[in-house]
Amino acid sequence: MRGPLTTINKKFNKTLLNEPYDIIIIGSGISGLCCAALLALKGKKVLVLEKHFKIGGYTHTFKRKGYEWDVGIHYVGDMHKEYNPARKIFDLITGENLHWSKMHDNYDSIIFPDKKYDLYCPKELFVENMIKWFPKEEEPIMRYMALLKEVAQKSKNYYMAKVLPKLFSTLLTPLLSRPYFKLSDKTTYDVITSLSSDTKLLGVLTGQWGDYGLPPKRSSFVMHAGVVQHYLDGGNYPAGGSGQIAANIVPVIRNNGGEIFNSMGVEKIIMHKNTAIGVRLENGEEIYAPKIISSAGVMNTYERLLKSNALPKIRQSLTNVRKTEGHLCLYIGLNGSAKELGLRTTNYWIYPSYDHDKNVENFVTDQTKQFPVLYLSFPSVKDPNWQKDHPHQSTMEAITLAHYDWFEAWKDHPWKSRGNEYEEIKEKYAQRMLEMIYKTLPQLKGKIDYYELSTPLSTKSMVNYQSGELYGLEHTPKRFRQDWLRPKSPIKGLFLTGQDVTTVGLTGALFSGVLTSSVILRKNLFKEIIKS
Numbered sequence: 195m196r197g198p199l200t201t202i203n204k205k206f207n208k209t210l211l212n213e214p215y216d217i218i219i220i221g222s223g224i225s226g227l228c229c230a231a232l233l234a235l236k237g238k239k240v241l242v243l244e245k246h247f248k249i250g251g252y253t254h255t256f257k258r259k260g261y262e263w264d265v266g267i268h269y270v271g272d273m274h275k276e277y278n279p280a281r282k283i284f285d286l287i288t289g290e291n292l293h294w295s296k297m298h299d300n301y302d303s304i305i306f307p308d309k310k311y312d313l314y315c316p317k318e319l320f321v322e323n324m325i326k327w328f329p330k331e332e333e334p335i336m337r338y339m340a341l342l343k344e345v346a347q348k349s350k351n352y353y354m355a356k357v358l359p360k361l362f363s364t365l366l367t368p369l370l371s372r373p374y375f376k377l378s379d380k381t382t383y384d385v386i387t388s389l390s391s392d393t394k395l396l397g398v399l400t401g402q403w404g405d406y407g408l409p410p411k412r413s414s415f416v417m418h419a420g421v422v423q424h425y426l427d428g429g430n431y432p433a434g435g436s437g438q439i440a441a442n443i444v445p446v447i448r449n450n451g452g453e454i455f456n457s458m459g460v461e462k463i464i465m466h467k468n469t470a471i472g473v474r475l476e477n478g479e480e481i482y483a484p485k486i487i488s489s490a491g492v493m494n495t496y497e498r499l500l501k502s503n504a505l506p507k508i509r510q511s512l513t514n515v516r517k518t519e520g521h522l523c524l525y526i527g528l529n530g531s532a533k534e535l536g537l538r539t540t541n542y543w544i545y546p547s548y549d550h551d552k553n554v555e556n557f558v559t560d561q562t563k564q565f566p567v568l569y570l571s572f573p574s575v576k577d578p579n580w581q582k583d584h585p586h587q588s589t590m591e592a593i594t595l596a597h598y599d600w601f602e603a604w605k606d607h608p609w610k611s612r613g614n615e616y617e618e619i620k621e622k623y624a625q626r627m628l629e630m631i632y633k634t635l636p637q638l639k640g641k642i643d644y645y646e647l648s649t650p651l652s653t654k655s656m657v658n659y660q661s662g663e664l665y666g667l668e669h670t671p672k673r674f675r676q677d678w679l680r681p682k683s684p685i686k687g688l689f690l691t692g693q694d695v696t697t698v699g700l701t702g703a704l705f706s707g708v709l710t711s712s713v714i715l716r717k718n719l720f721k722e723i724i725k726s
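Each residue of the sequence shown is one higher than the one before, starting from 195 at the first, in the working numbering.
Okay, structure coming up:
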């Protein structure tokens, strides 16, 4: 059964505080929850403060008309392997109460106007199919696979350097990270085209670019490699829905002396002599602790929570990174079971052509052009619990690219009160998305019971990213050269966690929580967890 997620939400009340706290954590996304659980398990008294009315960040779910959708978790690699590091971390911070459902071996399908490419696990089948589709490119494909493995190996030292004390980091980072930089400095396009000139092969290999938000000519190859490698053994989905992630971490936090409140935003980080000493809440209350962890994102932390207190060097560093783009998501409720509708757990990536960069450029320049990508996911099909509890209903989501400034005119209007023009624009996008869906899945015509479109303004409301960005900072080659993107900030008492510290995705944010907790405890928690 899907658990009653409201039980984990608790609104802030000053009388419920049990000060003093060792650590205050801003934000309840997976990185903040991971930090809170790990630190609480080590005896630290933690307080997590969440601005949104639901705990969980991108892991939370919402309901309409009896349907339920995830807002950010669509599939996760490697969770079916109990020995996998990310799985072991989840087992620890959830008390082994979070369970995973393995998706169909055909985890992704990359669809172009002339052909559909089904990506299958395990890795050997992925390779076999690539060679079958591109028989003249066998050698480039094998070299590509070797590079994926090389990135995975060389990333370990790169992230190790992030947790070293500043003095050691300054001395050792060049040595530890140099092999990684040889790959991170190159774009995905540059690496793959150096192996093969086949443009269709390039289009297929980069068919999951939406998972990290940048097409081949703009993304760092290491980000592309990390995502592809992550799914080579298939995808998984949380049993009971993505809301079960927070639902099972929060009790571990509270049972070990920590507390977490929703609907309580932090207005600013309180500073004294270049030291973070507490937080001021949006209701004016102030809470103090010797250590503050921000999982609100680098831009939010330095531009909003610190404001003028951010060091000049930090403000200069922010000019070296850019926010990712926003997205549109069409949440759809369907009459019929997965079997009745002919649906599987497979995700669909639908493209107008093999040239992803050109697709994006065309759409950004003229929004009447074809969507550069339409990603389809079926959360109800991936969750066996849903299928038992709702035998004649299904859900799906359709996602595409969008810019925040297309909707910025309505940014100051409250949710559900943005007026007819805003709703009309949304409806036009929704109908275009439905038209594309019907071309791929014609059997869904007449089966849609409900739909609702979210925009970058929804993302801003949900996770407090000020420009409605989907993935925090862009994963460009330049981003991976930013040594300041690390758990320990230059400000005493202030630590960072989240996908900006590591990389995009659930496991990227999860690992950042381990890194940040390791820095605070001065202990290699990753090694400790893996050995346990």
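Glycine residues also receive a C-beta, built at the ideal position from the N, C-alpha and C atoms.
Next item on the list: Out of S388, P214, H298 and Y598, point me to the one whose CA is closest to Q660's CA.
Entry: By one-based count along the sequence shown, residue 660 stands at place 466. Measuring from the Cα of Q660, the nearest candidate turns out to be Y598.
Note to self: For E290, count the other beta carbons within 10 Å of its own beta carbon; 16 or more makes it buried, fewer makes it exposed. Which is it?
What the structure shows: The count along the sequence shown starts at 1 and reaches residue 290 at position 96. With fewer than 16 other Cβ atoms within 10 Å, it is exposed.
Check: Who pairs with V460 in a beta bridge, going by DSSP?
Finding: Counted from its first residue, the sequence shown places residue 460 at position 266. Per DSSP, L475.
Item checked: alpha helix (DSSP H) segments (min. 4 residues) lying fully within the segment 469-535 -> Scanning the segment 469-535 from its first residue to its last, the whole alpha helix (DSSP H) runs of 4-plus residues come out as 506-512 and 532-535.
Next item on the list: Give me the Cα-Cα distance between H586 and G530, rounded to the nearest whole angstrom.
Entry: On the sequence shown, position 392 is the one that residue 586 refers to. On the sequence shown, position 336 is the one that residue 530 refers to. Going by the C-alpha atoms only, they are around 4 Å apart.
Notebook entry, point to check: What's the call for L709, buried or exposed, on a 16-neighbour Cβ count within 10 Å?
Noted result: The sequence position of residue 709 within the sequence shown is 515, counting from 1. So L709 counts as buried.
Checklist line | Nonlocal neighbours in the same chain, by C-beta distance under 8 Å from N430, ignoring five residues either side | finding: Position 236 of the sequence shown, counting from 1, holds the residue named residue 430. Y269, V270, G271, D272, M273, H274, W294, S295, K296 and M297, listed in sequence order.
Margin query: Relative to the C-alpha of K236, which candidate in T253, E244 and I217 has its C-alpha closest?
Written below: Within the sequence shown, numbered from 1, the residue matching residue 236 stands at position 42. Residue I217 holds the alpha-carbon nearest to the alpha-carbon of K236 among T253, E244 and I217.
Next item on the list: Sort out for me which residues DSSP pairs S295 with in a bridge.
Entry: Taking the first residue of the sequence shown as position 1, residue 295 is located at position 101. Paired residue(s): Y431.
Check: Candidates H521, E534, W604 and E615: which alpha carbon is nearest V575's?
Finding: Within the sequence shown, the letter at position 381 stands for residue 575. When each option's Cα is compared against that of V575, the closest is E534.
Next item on the list: Consult DSSP for K205 and reduce its assignment to one of helix, strand or coil.
Entry: To locate residue 205, count along the sequence shown from 1; it is residue 11. Strand at K205.
Check: Is the beta carbon of A664 less than 8 Å from the beta carbon of V492?
Finding: Position 470 of the sequence shown, counted from the start, is the residue given in the question as residue 664. Position 298 of the sequence shown, counted from the start, is the residue given in the question as residue 492. Here residue 664 is Leu; the residue named in the question, Ala, does not match the sequence. Not in contact: L664 and V492 (Cβ atoms no closer than 8 Å).
Checklist line | the segment 668-676 in contact with the segment 514-527 per 3-pair CB rule at 8 Å | finding: The answer is yes - the segment 514-527 touches the segment 668-676, with three or more Cβ pairs under 8 Å.
Item checked: Secondary structure of T697, DSSP reduced to three states -> Within the sequence shown, the letter at position 503 stands for residue 697. Coil at T697, not helix or strand.
Check: Out of K239, V713 and L233, which has the shortest C-alpha to C-alpha gap to L286?
Finding: Indexing the sequence shown from 1 puts residue 286 at position 92. The candidate whose alpha carbon is nearest that of L286 is L233.
Check: Thinking C-beta only, is G437 closer than 8 Å to H254?
Finding: Mapped onto the sequence shown, residue 254 falls at position 60. Mapped onto the sequence shown, residue 437 falls at position 243. The Cβ-Cβ distance between H254 and G437 falls below 8 Å.
Next item on the list: Would you list the one or two residues that DSSP bridges to K686?
Entry: Counting from 1 along the sequence shown, the entry for residue 686 is found at position 492. Per DSSP, the beta bridge partners of K686 are T469.
Next item on the list: Give, in chain order, every unbroken run of the beta strand (DSSP E) that is at least 3 residues long and sits entirely within the segment 616-696.
Entry: Taking only runs of at least 3 residues, the beta strand (DSSP E) segments lying wholly in the segment 616-696 are 642-648 and 688-690.
Checklist line | Reduced DSSP category for I267 - H, G, I as helix; E, B as strand; rest coil | finding: Here residue 267 refers to the residue found at position 73 of the sequence shown. In the displayed model, I267 falls within coil according to three-state DSSP, outside both helix and strand.
Check: Just the Cα atoms here: how many angstroms apart are Y496 and R509?
Finding: Counting from 1 along the sequence shown, the entry for residue 496 is found at position 302. Counting from 1 along the sequence shown, the entry for residue 509 is found at position 315. Between the alpha carbons of Y496 and R509 lies a distance of about 8 Å.
Item checked: Expected contact under 8 Å - CB spacing of V421 and D405 to nearest Å -> Taking the first residue of the sequence shown as position 1, residue 421 is located at position 227. Taking the first residue of the sequence shown as position 1, residue 405 is located at position 211. Between V421 and D405 the beta-carbon gap is near 5 Å, inside 8 Å, which marks them as a contact.
Check: S414 and S378: beta carbons closer than 8 Å?
Finding: To locate residue 414, count along the sequence shown from 1; it is residue 220. To locate residue 378, count along the sequence shown from 1; it is residue 184. S414 places its beta carbon less than 8 Å from that of S378.
Notebook entry, point to check: For L243, which residues does DSSP report across the bridge?
Noted result: Residue 243 sits at position 49 when you count from the first residue of the sequence shown. L243 pairs with I220 and F455.
Next item on the list: Could you round the C-beta distance between S712 and L719 to whole angstroms and report it? I think they count as a contact, below 8 Å.
Entry: On the sequence shown, position 518 is the one that residue 712 refers to. On the sequence shown, position 525 is the one that residue 719 refers to. Approximately 5 Å separates the beta-carbon atoms of S712 and L719; this is inside 8 Å, confirming the contact.
Check: Mapping DSSP to helix, strand and coil, what is I249?
Finding: Start at 1 with the first residue of the sequence shown, and residue 249 comes out as number 55. In the three-state reduction of the DSSP assignment, I249 falls in the coil class, being assigned neither a helical nor a strand state.
Next item on the list: Report the partner residues of D560 according to the DSSP bridge assignment.
Entry: Within the sequence shown, numbered from 1, the residue matching residue 560 stands at position 366. None, per the DSSP bridge assignment.
Check: Which whole-angstrom value is the C-beta distance of P684 and K507, which I expect to be below 8 Å?
Finding: The residue given as residue 684 occupies position 490 in the sequence shown. The residue given as residue 507 occupies position 313 in the sequence shown. Between P684 and K507 the beta-carbon gap is near 7 Å, inside 8 Å, which marks them as a contact.
Notebook entry, point to check: So, helix, strand or coil for R258, using DSSP?
Noted result: Start at 1 with the first residue of the sequence shown, and residue 258 comes out as number 64. In this structure, R258 counts as strand in the three-state DSSP scheme.
Item checked: Given R538 as reference, the closest of L570, V558 and S511 once Cα atoms are compared -> By one-based count along the sequence shown, residue 538 stands at place 344. In terms of CA proximity to R538, L570 leads the group L570, V558 and S511.
Notebook entry, point to check: Exposed or buried, L408, counting other C-beta atoms within 10 Å across all chains shown (16 or more means buried)?
Noted result: For the purposes of this step, residue 408 is taken as residue 214 along the sequence shown, with counting starting at 1. It is buried - the Cβ of L408 has at least 16 other Cβ atoms within 10 Å.
Notebook entry, point to check: Per the contact definition of three or more C-beta pairs closer than 8 Å, is the segment 637-654 in contact with the segment 442-458?
Noted result: Output reads no: the segment 637-654 does not touch the segment 442-458.
Note to self: Measuring straight from C-alpha to C-alpha, what distance separates K622 and L522?
What the structure shows: Start at 1 with the first residue of the sequence shown, and residue 622 comes out as number 428. Start at 1 with the first residue of the sequence shown, and residue 522 comes out as number 328. Whole-angstrom Cα-Cα distance: 12 Å.
Notebook entry, point to check: Near G397, what residues of its chain come up, given a Cβ to Cβ distance below 6 Å and the 5 sequence neighbours on each side ignored?
Noted result: Walking along the sequence shown from the start, residue 397 turns up at place 203. Hits under 6 Å: Y548.
Next item on the list: Label N203 either buried or exposed according to how many other C-beta atoms from any shown protein chain fall within 10 Å of its C-beta, with 16 as the threshold for buried.
Entry: As a first step, residue 203 must be located in the sequence shown, where it is residue number 9. Within 10 angstroms of the beta-carbon of N203 lie 16 or more other beta-carbons, which makes it buried.
Check: What is the DSSP secondary structure of N541, counted as helix, strand or coil?
Finding: Translated into the one-based positions of the sequence shown, residue 541 becomes position 347. Shown here, N541 sits in a strand according to DSSP, grouped into three states.
Next item on the list: Go ahead and pull the three-state DSSP assignment for E555.
Entry: Stepping through the sequence shown from its first residue, residue 555 is reached at position 361. In this structure, E555 counts as helix in the three-state DSSP scheme.
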